[in-house]
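Here is the structure we will look at, set down as structure tokens.
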Amino acid sequence: MLPLTKVTEISRIGYGFMASKVLFAALDLDLFTRLAAGPKSLASLAGESGIAENRLLTLLTPGTLSERAREAGFAQAVVQELIPELTKVLTARKPR
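Here's what the structure looks like:
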């Protein structure tokens, strides 16, 4: 394997690692199940999960996927962009 020499190659590895850590943390905290029923405000999600709002925002901001998501607001962006595709496999619900 050749050594990495381009910043973009190194960044891709770093961002991939960060994204996987965000996903695993969200799974551990059962955030996908909490959002499966529909959008929630950051305050509501923080209250349910017992995580301080600022820490929850820090954790999930990398999970917003687009400029539209950032403009729409954090919880709504997570629900609109992630939940429809991921709820089937990432919630605590048992498969039917």
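Read left to right, the sequence shown gives residues 1356 to 1451 (this note's numbering). For every residue, glycine included, the Cβ atom is placed at its ideal position computed from N, Cα and C.
- Distance check between Leu1397 and each of Leu1415, Val1362, Pro1358 and Met1373 places Leu1415 closest, using alpha-carbon atoms only.
- Annotation for Ser1396: no alpha helix (DSSP H) segment contains it, and DSSP assigns it neither H nor E.
- A Cβ-Cβ distance of about 5 Å is found for the pair Ile1365 and Leu1359, placing them in contact under the 8 Å criterion.
- Per DSSP, Thr1360 is not a residue of any alpha helix (DSSP H), being assigned neither H nor E.
- A check of alpha carbon separations from Lys1395 across Leu1412, Phe1372, Gly1371 and Met1373 identifies Leu1412 as the nearest.
- Taking 9 Å as the cut-off, the beta carbon of Phe1387 is found closer than this to the beta carbon of Ala1381.
- Distance from the CA of Ile1368 to the CA of Ala1391, rounded to the nearest whole angstrom, comes to 30 Å.
- Within the same chain, and ignoring the five residues on either side of Glu1408 in sequence, the residues whose Cβ sits closer than 8 Å to its Cβ are Leu1397, Ala1398 and Ala1401.
- In the structure shown, Ile1406 adopts coil according to DSSP, grouped into three states.
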